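Number of protein chains: 4
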Amino acid sequence: MTTDTPVQLRAVASPDQPDVTPALENLYRGFEQELLVPLWTEIGELMPAHPRSRAVPHVWRWENLRALAAQAGETVPVGRGGERRAIALANPALGGRPFATPTLWAAIQYLMPGEDAPEHRHTQHAFRFVVEGEGVWTVVGGDPVPMRRGDFLPQAGWNWHAHHNATAEPMAWIDGLDIPFQYVTEAQFFEFGRDKISDAERTTPARSRSERLWGHPGLRPLSATSVTLDSPLLTYKWEFTDRALADQIAVEAEGYGGTVEPGHAAVRFANPATGADVLPTIRAEMHRVTRGAETAPTRETGSSVYQVFDGSGTVTVGGTSWTVTRGDLFVVPSWEPFSARSEAGSTDSDSGALDLFRFSDAPVFEALQLDRTQHSTNKGN
Amino acid sequence: MTTDTPVQLRAVASPDQPDVTPALENLYRGFEQELLVPLWTEIGELMPAHPRSRAVPHVWRWENLRALAAQAGETVPVGRGGERRAIALANPALGGRPFATPTLWAAIQYLMPGEDAPEHRHTQHAFRFVVEGEGVWTVVGGDPVPMRRGDFLPQAGWNWHAHHNATAEPMAWIDGLDIPFQYVTEAQFFEFGRDKISDAERTTPARSRSERLWGHPGLRPLSATSVTLDSPLLTYKWEFTDRALADQIAVEAEGYGGTVEPGHAAVRFANPATGADVLPTIRAEMHRVTRGAETAPTRETGSSVYQVFDGSGTVTVGGTSWTVTRGDLFVVPSWEPFSARSEAGSTDSDSGALDLFRFSDAPVFEALQLDRTQHSTNKGN
Amino acid sequence: MTTDTPVQLRAVASPDQPDVTPALENLYRGFEQELLVPLWTEIGELMPAHPRSRAVPHVWRWENLRALAAQAGETVPVGRGGERRAIALANPALGGRPFATPTLWAAIQYLMPGEDAPEHRHTQHAFRFVVEGEGVWTVVGGDPVPMRRGDFLPQAGWNWHAHHNATAEPMAWIDGLDIPFQYVTEAQFFEFGRDKISDAERTTPARSRSERLWGHPGLRPLSATSVTLDSPLLTYKWEFTDRALADQIAVEAEGYGGTVEPGHAAVRFANPATGADVLPTIRAEMHRVTRGAETAPTRETGSSVYQVFDGSGTVTVGGTSWTVTRGDLFVVPSWEPFSARSEAGSTDSDSGALDLFRFSDAPVFEALQLDRTQHSTNKGN
Amino acid sequence: MTTDTPVQLRAVASPDQPDVTPALENLYRGFEQELLVPLWTEIGELMPAHPRSRAVPHVWRWENLRALAAQAGETVPVGRGGERRAIALANPALGGRPFATPTLWAAIQYLMPGEDAPEHRHTQHAFRFVVEGEGVWTVVGGDPVPMRRGDFLPQAGWNWHAHHNATAEPMAWIDGLDIPFQYVTEAQFFEFGRDKISDAERTTPARSRSERLWGHPGLRPLSATSVTLDSPLLTYKWEFTDRALADQIAVEAEGYGGTVEPGHAAVRFANPATGADVLPTIRAEMHRVTRGAETAPTRETGSSVYQVFDGSGTVTVGGTSWTVTRGDLFVVPSWEPFSARSEAGSTDSDSGALDLFRFSDAPVFEALQLDRTQHSTNKGN
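Shown next, in the form of structure tokens:
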């Protein structure tokens with residue numbers, strides 16, 4: 003990426019540009035020599051009336067992702083140096099970089115039976131989300147955390163972590179990180195840890211210690227004296243997320259609201275020590291759109307990646323619509339309107355709901371007062 | 003309490019006081035006429051080397067409290083004006099005022115079968131804690147919340163609330179409020195609500211709407227857009243508190259800490275929207291001291307009220323020790339050392355643990371940077 | 003203050019009280035034996051519809067205060083034990099205690115030529131305000147801070163401090179502290195320091211080091227790495243306060259607002275490191291009411307003490323009005339409406355403005371979400 | 003910038019990469035078709051051991067900048083569309099984009115006698131800093147703010163602003179903005195305002211209204227009720243900045259510290275309403291290195307742009323040193339060590355100090371807990 007392209011200005015006649023004269027061409031040559039660029043040739047791109055993302059909406063099909071990941075499982079070893087068998091979404095408009103959006107990384111990770119991914123740590127904030135399968139434990143700071151369908155595991159920056167597959171089956175899940183954000187702002191640190199975790203860490207408990215200390219609603223251990231921007235709870239199990247969504251829909255049915263809009267329940271994964279976002283740079287949410295319901299189109303500054311967790315439906319990003327089903331991933335670039343409609347397919351669960359996992363860079367925008375949201379009224383409901 | 007006592011200064015000879023002379027006596031008469039008091043006669047009491055509480059340690063026996071509350075149930079009606087059949091602890095050193103400590107109110111409240119306590123609201127922050135029995139629902143802002151042994155129900159200031167006993171049995175519980183604190187700082191507002199709650203509010207759901215929206219660990223509803231200092235979760239059920247304490251003890255047993263000190267598990271009731279104390283002026287905690295364990299003596303600025311929830315043991319406050327058992331209440335004044343030892347009695351549960359519910363004025367001290375704590379090393383463990 | 007008055011309940015017949023029967027009298031005797039007090043006999047005083055202060059409005063005349071302070075200067079030595087020649091306002095309705103209001107202490111302090119007040123520190127937050135005279139330096143943590151008419155010197159808790167009068171004239175000023183608040187909440191610590199400050203501290207610089215590091219608008223020294231609730235700026239000189247008030251009035255005259263209301267300029271003394279109140283428990287402000295202007299009646303939870311800094315006028319607290327002039331002090335109890343009118347007397351400055359210094363316990367109320375304000379529209383302007 | 007480059011992976015044999023086999027090549031073709039990129043080929047660049055900036059250190063000479071800006075003044079009109087006659091530094095390693103660093107924009111702006119720059123607003127946070135000249139007023143929300151040598155004018159996002167040159171001389175200054183940061187995160191909004199400001203706004207007051215309301219040390223107007231992340235003070239005049247630096251050096255000379263390190267005074271421009279950084283995404287500071295002094299090499303995450311305000315000296319960034327003098331601008335990329343040495347030239351002021359204005363993206367890093375700093379001990383002092 004580090005290039006040394008000389009500044010090259012074209013003196014072009016356009017309504018907003020000064021007339022092309024010998025004096026102007028001379029001036030522009032002076033600019034180039036001194037490594038200068040005028041605002042007036044760039045303002046349209048740099049300071050648009052509203053965000054116009056360089057990224058484009060796109061869908062990646064889970065079926066294809068999983069097949070390629072399995073193929074990588076046969077072909078590419080996991081170990082020190084490459085670190086992880088992770089394969090990232092590359093937004094088609096971001097120059098072939100492994101960036102799902104300008105700030106977010108999303109990858110499928112794959113671990114073969116008995117394999118270990120070695121310990122390391124990095125400033126990049128990360129999480130795992132499991133759309134299918136089980137059998138891997140992520141060991142965070144010595145605490146083995148199980149991974150099963152529906153579980154969300156935040157992994158705040160600079161914590162040591164490794165993965166081990168304790169079963170006879172391969173397992174796939176998705177990783178979300180702020181790699182592109184830290185790449186563009188140049189904040190990254192990385193350290194190798196131990197090549198092998200200890201036998202004690204190789205246990206496969208049903209509940210991690212983090213859950214036992216922090217996984218009780220509204221209860222904080224007195225032994226915890228310091229609070230950070232990172233969540234001390236290392237997994238948010240599907241059992242609780244599912245119940246929270248079902249509860250919202252039940253409260254709405256009784257006439258007391260509780261949902262975001264009719265037929266649209268949603269929870270945010272929160273740091274139980276602060277109530278704030280689970281990671282300093284990444285927001286994560288689970289949405290449930292009930293059978294036949296549709297969300298109102300919404301635009302937000304900042305970008306999101308979604309994965310269909312359950313059900314089927316149609317999602318619309320900007321002017322494009324896709325039919326999506328379990329495991330499919332798609333991106334919503336900054337300020338593109340997004341809506342989703344649940345349309346139960348023949349193979350879906352009885353409830354007919356569309357469950358969408360979402361992560362975004364919203365905490366960055368909110369911390370810097372750059373967040374804006376525009377809701378449309380949903381006429382369809 | 004409003005008195006008009008004239009200022010009366012005595013000119014006394016003491017090591018720290020000026021010599022008694024006619025000039026001094028003349029000066030002091032001048033002070034009295036002008037409603038003035040010199041610092042030098044008062045500094046010892048007003049600015050001590052460390053807090054010397056006007057309150058004293060004291061124990062109230064649950065057996066006696068409950069018997070008197072039942073007697074009140076037969077004698078005193080509940081209704082508009084008196085508002086609640088609540089009987090408050092009066093610290094023996096606080097002049098007969100219904101103040102458990104200089105800042106905290108603690109009372110037993112009693113509701114007969116079928117009775118209602120009428121709706122009102124007040125700026126005083128409150129909670130209910132249930133040491134035995136069940137059958138009453140507290141209706142907060144239209145949301146009926148059940149009350150059962152072990153449940154903790156915060157009731158932040160200025161929310162409408164009423165109670166109704168839906169069963170054929172009387173029920174008792176304790177109320178904690180910051181009435182003395184708001185009395186001395188003069189912050190109180192109070193309004194009567196409806197004399198009767200609606201039939202819809204008279205339902206007896208097993209779970210309140212507040213639990214269904216906010217009672218899932220680390221998950222916050224997206225529909226909640228504003229956050230206050232008050233907890234949106236209106237009950238902390240015993241099931242979760244008990245499990246959190248048991249989990250801490252299990253983690254400790256595995257060698258990973260998690261407890262406050264060996265054999266001493268504890269959780270704080272927290273606002274799930276912020277992680278902060280459940281009420282702006284009141285901290286609430288549940289402590290479990292395992293069989294035979296003893297807590298290290300600790301002094302803190304600010305005062306506490308404890309109720310024994312389960313088990314038996316010895317508590318030491320300052321220089322005095324008491325044997326306490328289920329339901330007994332006692333106070334720990336500011337800066338008095340406190341410790342507790344679990345001593346299972348013949349009638350106690352199998353675990354032999356001493357479970358102590360505690361509330362205190364700690365959030366006031368922390369918000370104003372007046373908190374100090376002094377731990378002793380516990381040689382007994 | 004520590005009394006052991008037994009609880010004494012009277013069974014009285016009143017509209018809100020239960021009928022006096024033998025059973026009730028028996029119940030009340032039971033309460034007394036067990037140190038219990040029912041809510042229903044106390045609710046009117048403890049939980050009023052709005053704050054009804056135990057304190058009353060009152061004015062202390064500066065002329066009398068100063069004369070008595072000078073008399074004390076001749077009669078009472080300053081030294082270790084008594085610590086300060088400070089004489090406090092005792093609200094006539096607070097039982098002869100040296101409490102201007104239920105939470106605030108206000109005293110005149112007096113130092114004879116060449117005298118020292120010995121070094122000490124305490125958790126009570128304090129300030130000095132100078133209505134006339136000069137010549138004393140307050141040495142805070144080794145930094146000598148001059149004191150002159152109009153200067154406001156915050157003195158956050160637990161900083162070492164001493165005073166020395168470097169001149170041949172006596173000097174008086176007022177001290178404000180949160181002594182009553184810390185007395186009722188029982189938070190106080192106190193330590194003696196050195197009996198004599200060093201010669202280096204006995205210098206009389208025109209500007210303290212705190213001013214040179216923190217007294218530049220909007221500029222913070224990079225060397226300051228930690229921030230506390232206490233202001234690092236140890237004096238707010240009159241020169242700046244006066245100019246800020248004059249600027250507000252000029253901006254208003256140009257038609258751009260900037261004042262609280264027409265003819266009423268006001269500034270708050272703020273911690274330059276945080277923008278928050280200058281002390282964790284005390285707010286301090288300077289108000290200027292221009293010639294002939296009148297402030298709109300305002301009620302606030304919490305209490306204030308005012309001192310007239312310049313000019314003359316009429317102040318109205320609740321239903322009582324007083325004519326006040328330079329140096330006079332008066333109190334505004336919680337929720338009493340307050341207004342002030344400037345009425346230039348023959349001996350006042352040319353501007354004819356009424357300058358009022360005010361301090362209050364507002365930060366306590368705001369930290370705990372207990373603040374309420376009610377403004378009347380000022381028809382008089 | 004929006005490109006549609008297809009993903010192109012090269013299967014290369016390297017120590018950290020899997021062996022090139024037909025299976026691997028087949029796998030990589032599959033990745034390309036599905037718009038996927040593996041982590042293991044990219045991890046070195048994306049997750050380095052510490053930040054390795056894409057930007058390089060570079061110096062722009064003020065003499066050349068000013069000459070080209072003057073030439074632009076003759077050649078390029080200012081008006082709606084181009085908006086500003088601003089010419090930006092383009093880091094030689096950032097592909098010819100007008101980005102001084104990956105997150106920061108720095109430009110020289112130039113206004114001819116009598117010219118106006120039309121009103122607009124944008125979410126990008128901005129400031130002006132004046133290294134020489136005077137005569138332009140920036141009108142912010144209707145408040146005309148003068149600009150003179152040494153003045154720093156923050157311009158928080160989404161405030162209307164225009165510039166007008168009220169004199170017969172051209173004037174140049176530098177603009178700093180977070181344009182690259184908002185470009186990469188895609189947060190930008192922009193609106194045109196009025197083409198002409200009013201006659202009332204065309205006045206040339208010596209002090210803006212913002213200064214009169216907020217420019218008094220530690221004093222906040224009571225009329226200000228809401229607080230934002232943006233500074234309400236619209237200019238930080240050189241008079242105060244200069245005095246603050248001189249005061250630090252004087253306090254240091256008396257033996258009481260106050261400087262960052264010996265001979266190195268520094269102030270941060272702070273929001274007086276909060277004490278925080280003057281802009282949500284940009285930190286701004288003024289540093290003074292006394293004659294002959296040298297700062298200790300320091301590395302920080304995030305990037306900075308410096309301008310020499312006064313004096314001469316040598317600056318070292320990474321492995322490169324430059325001699326710099328008044329007006330010269332240079333950049334310090336993320337994690338590059340930086341130090342400066344004052345070396346008074348023959349034409350410099352008597353003091354011989356090197357005054358450096360600096361701005362950086364530090365608030366972004368601190369808000370997201372990504373800030374790290376590494377100080378070397380300065381052996382040179």
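Protein chains in written order, with the numbering used here: chain A, 3 to 383; chain B, 3 to 383; chain C, 3 to 383; chain D, 3 to 383. Even glycine gets a Cβ: it sits at the ideal position worked out from N, Cα and C. Here the structure is a predicted model, which means the values were calculated and not measured.
Chain-ordered neighbours of residue i on chain B, where CB pairs are closer than 8 Å
i	result
Y238(A)	P219, G220, L221
The ligand HEM heavy atom lying under 7 Å from the CB of residue i
i	result
V269(B)	Inclusion of the ligand HEM in the displayed structure is not the case, the ligand content being empty and no account of it being possible.
8 Å Cβ cutoff met for residue i and residue j
i	j	result
L91(A)	A102(A)	yes
R130(C)	Q157(C)	yes
V269(A)	P223(B)	yes
T300(B)	T375(B)	yes
P59(B)	P339(B)	no
D312(D)	W64(D)	no
A119(D)	V80(D)	yes
R151(B)	E171(B)	no
Contacts of residue i in chain D (Cβ-Cβ under 8 Å)
i	result
V253(C)	R211, R214, L215
G260(C)	R211, R214, L215, P223, S225
CA-to-CA distance, residue j to residue i, given in whole angstroms
i	j	result
A286(C)	V326(C)	20 Å
R123(C)	F194(C)	7 Å
Y30(C)	G304(C)	35 Å
V142(A)	R86(A)	15 Å
H127(D)	L372(A)	10 Å
A226(A)	N167(D)	59 Å
E213(A)	L155(A)	11 Å
I181(D)	A346(D)	35 Å
A355(A)	A208(B)	26 Å
D357(B)	R204(A)	35 Å
N380(A)	V319(A)	For N380(A), the pLDDT reaches just 46, beneath the cut-off of 50, and the residue's location in the model is therefore unreliable, although a value from the coordinates is still provided. Roughly 15 Å separates the two Cα atoms.
Within chain D, partners of residue i - CB distance below 7 Å
i	result
E287(C)	L224
Contact list for residue i against chain C, beta-carbon separation under 8 Å
i	result
L235(D)	P219, G220
Q157(D)	Going along chain C, no residue has its Cβ under 8 Å from Q157(D), so there is no contact; the nearest lies around 15 Å.
Chain D contact residues for residue i, given Cβ-Cβ distances below 9 Å
i	result
D244(A)	The premise fails here: D244(A) is roughly 30 Å from chain D at the closest Cβ pair, so nothing lies under 9 Å.
Within chain A, partners of residue i - CB distance below 8 Å
i	result
D18(B)	By Cβ distance, chain A contributes nothing, its closest Cβ being about 40 Å from D18(B), past 8 Å.
Contacts that residue i makes with chain F (C-beta to C-beta distance below 8 Å)
i	result
D357(A)	The chain labelled as chain F is not found among the protein chains of the depicted structure, namely A, B, C and D.
TODO: Determine, using beta-carbon pairs with one atom in the segment 187 to 207 of chain B and one in the segment 44 to 57 of chain C, whether at least three such pairs fall under 8 Å.
DONE: Yes, since at least three Cβ pairs between the segment 187 to 207 of chain B and the segment 44 to 57 of chain C fall closer than 8 Å, the two stretches touch.
Open item on the list: Under 9 Å, CB to CB, which of the residues in the segment 268 to 281 of chain D have a partner in chain C?
Closed with: Answer set for the segment 268 to 281 of chain D: A268, V269, R270, F271, A272, N273, P274, A275, T276, G277, A278, V280.
Open item on the list: If the cut-off is 8 Å on Cβ atoms, which residues from the segment 189 to 200 of chain C count as contacting chain B, listed in chain order?
Closed with: The segment 189 to 200 of chain C vs chain B, Cβ under 8 Å: A189, Q190, F191, F192, E193.
- [ ] Closer than 9 Å, Cβ to Cβ, to anything on chain A: give me those residues from the segment 297 to 325 of chain D, in chain order.
- [x] Within the segment 297 to 325 of chain D, the residues whose Cβ lies closer than 9 Å to some Cβ of chain A are T303, G304, S305, listed in chain order.
- [ ] With 9 Å as the limit, tell me which residues of the segment 360 to 378 of chain B have their beta carbon closer than that to any beta carbon of chain A; keep them in chain order.
- [x] Here the close residues number zero.
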